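Here's the structure, in C-alpha cells; my notes come after.
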Amino acid sequence: DAGVIQSPRHEVTEMGQEVTLRCKPISGHDYLFWYRQTMMRGLELLIYFNNNVPIDDSGMPEDRFSAKMPNASFSTLKIQPSEPRDSAVYFCASSLLGQGNEQFFGPGTRLTVL
Amino acid sequence: KNEVEQSPQNLTAQEGEFITINCSYSVGISALHWLQQHPGGGIVSLFMLSSGKKKHGRLIATINIQEKHSSLHITASHPRDSAVYICAVFNNNDMRFGAGTRLTVKP
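So the protein lines, in turn, are chains A and B. First residue of the first sequence? That's 1 in the working numbering, and the numbers climb one at a time after it. First residue of the second sequence? That's 1001 in the working numbering, and the numbers climb one at a time after it.
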C-alpha cells in the first residue's frame, strides 16, 4: 500500500483565495483525520470522519474551513477565503476502527498564505 | 495550564544513553498516543496505549492511568532517534497534544 497520500505537498496562495487540500487514506481504513500544525499551537485535530461521515468538527477554527469525504478513498479540506494565519502544515491520517488505534499519517501539505 | 504537559522540552544525549520522555495529562482519557516527527516533518505513530506497557525494538512506552502519566523510553539511543516526540491523548471525540520533546542524539 502506498500509505496516506496528500496533495499538493506545497501550496502558496494569496490572501482571499480558495485553497483545497486533498487526501487519499489507506485502503480499508474507516477513520480519516485532518490535523493542522503550527509553531505557535503545535498539532491540532481539526475534524475526523468515520465511514465518510464527519464525527467531530469542533476543532475547525471557523466557517472558512470545510471538509468533505464523498467516498471512502478521498477527502478534501477547503479554506475559503484563506488568510495569512492559515499558514501551517496540514496532515491527513487514517486508521482502522477508531481514533484510539494506530494512525498512519500522510506527508502533509505545507500551506503558505501571503 | 495545558491539559497535556511534556518534559523535557529539549533533550540532548550521547549515543548509547538511555532516554526518558514524560507526558502528564489532566483529563480523563481512553487512550494515549506517542508520535515521532522526523526532522523532515513526517509523522510516525510509535505506540497507542490504554494501560500497562508496550515495547517495540529499543522503544518502550508505559502508562499509569491513576497517576495520569506516561513515559517513553529509548534504550541504546542512536543519532537516527533524533526527532520530536509528541504525546497525544484521546477522550471521547477529542484529542489533545503535548508541545513535543525535541531529542538530539549526538554520535
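Here a beta-carbon is modelled for each residue, glycine too, at the ideal position from N, C-alpha and C. Note that the structure is a prediction, hence the values are computed from the model and not measured.
Are residue i and residue j close, meaning C-beta to C-beta below 8 Å?
| i | j | result |
| --- | --- | --- |
| Ser66(A) | Lys78(A) | yes |
| Ser1082(B) | Leu1103(B) | yes |
| Ser1077(B) | Gly1016(B) | yes |
| Thr1062(B) | Phe1018(B) | no |
| Thr1101(B) | Gln1036(B) | no |
| Leu97(A) | Gly28(A) | no |
| His1033(B) | Ala1088(B) | yes |
| Leu111(A) | Ser87(A) | yes |
| Leu33(A) | Leu45(A) | In the sequence as presented, Leu is not what sits at residue 33(A); that position holds Phe. Their beta carbons are under 8 Å apart, which means Phe33(A) touches Leu45(A) by this criterion. |
| Ile1029(B) | Phe1090(B) | yes |
| Pro70(A) | Gln6(A) | no |
| Val53(A) | Gly1041(B) | no |
The beta strand (DSSP E) that contains residue i, what's its start and end?
| i | result |
| --- | --- |
| Val1089(B) | 1083 to 1091 |
| Ser7(A) | 5 to 7 |
| Val89(A) | 88 to 95 |
| Gly1100(B) | No beta strand (DSSP E) contains Gly1100(B), which DSSP labels as neither H nor E. |
| Ala72(A) | From DSSP, Ala72(A) is part of no beta strand (DSSP E); its letter is neither H nor E. |
| Val1044(B) | 1043 to 1049 |
| Thr1012(B) | 1010 to 1014 |
| Ala1031(B) | 1031 to 1037 |
| Pro54(A) | 53 to 56 |
| His1073(B) | 1069 to 1074 |
| Leu111(A) | 109 to 113 |
| Gly1052(B) | 1052 to 1056 |
| Phe49(A) | 42 to 50 |
| His10(A) | 10 to 13 |
| Arg64(A) | Taken as a continuous stretch (DSSP letters only), Arg64(A) belongs to no beta strand (DSSP E), as it is neither H nor E. |
For residue i, which option in the options has the closest C-alpha, if you only look at C-alpha atoms?
| i | options | result |
| --- | --- | --- |
| Val113(A) | Thr20(A), Gly106(A), Gln103(A), Pro84(A) | Pro84(A) |
| Gln103(A) | Arg9(A), Met15(A), Val19(A), Asp30(A) | Asp30(A) |
| Gln1014(B) | Ser1030(B), Arg1080(B), Asn1092(B), Val1027(B) | Arg1080(B) |
| Lys1055(B) | Gly1040(B), Gly1041(B), Ile1065(B), His1073(B) | His1073(B) |
| Cys92(A) | Asn50(A), Thr109(A), Glu11(A) | Thr109(A) |
| Ile47(A) | Pro1107(B), Met1095(B), Ala1099(B) | Met1095(B) |
| Arg22(A) | Met39(A), Glu14(A), Arg9(A), Thr13(A) | Arg9(A) |
| Val1027(B) | Gly1040(B), Gly1057(B), Tyr1085(B), Asn1092(B) | Asn1092(B) |
Give every residue of the same chain whose Cβ lies closer than 7 Å to the Cβ of residue i, excluding the five residues on either side of it in the sequence, and list them in chain order.
| i | result |
| --- | --- |
| Phe105(A) | Val4, Phe91, Ala93 |
| Met1048(B) | Ala1031, His1033 |
| Arg64(A) | Ile79, Gln80, Pro81 |
| Thr38(A) | Ala88 |
For residue i, which residues from the same chain have a beta carbon less than 6 Å from its beta carbon, with the 5 sequence-adjacent residues on both sides left out?
| i | result |
| --- | --- |
| Ile1043(B) | Leu1035, Gln1037 |
Which same chain residues end up closer than 8 Å to residue i when comparing Cβ atoms and leaving out the 5 residues on each side of it in sequence?
| i | result |
| --- | --- |
| Ser1051(B) | Ile1063, Ile1065 |
(request) Check each residue of the stretch 3 to 16 of chain A: if its Cβ is closer than 8 Å to any Cβ of chain B, include it; give the result in chain order. (result) none
(request) Select from the stretch 50 to 81 of chain A all residues with a C-beta closer than 9 Å to any C-beta belonging to chain B, and list them in chain order. (result) Ile55, Asp56, Ser58, Gly59
(request) With 8 Å as the C-beta to C-beta threshold (strictly closer), list the residues of the stretch 23 to 47 of chain A near chain B in chain order. (result) Gly42, Leu43, Glu44, Leu45
(request) Residues of the stretch 1016 to 1037 of chain B with a CB closer than 7 Å to any CB of chain A: list them in chain order, please. (result) Ser1030, Ala1031
(request) Check distances from the C-beta atoms of the stretch 1083 to 1105 of chain B to those of chain A and list, in chain order, the residues that come in under 9 Å. (result) Ile1086, Ala1088, Phe1090, Asn1092, Asn1093, Asp1094, Met1095, Arg1096, Phe1097, Gly1098, Ala1099, Gly1100
(request) Select from the stretch 1053 to 1064 of chain B all residues with a C-beta closer than 8 Å to any C-beta belonging to chain A, and list them in chain order. (result) none
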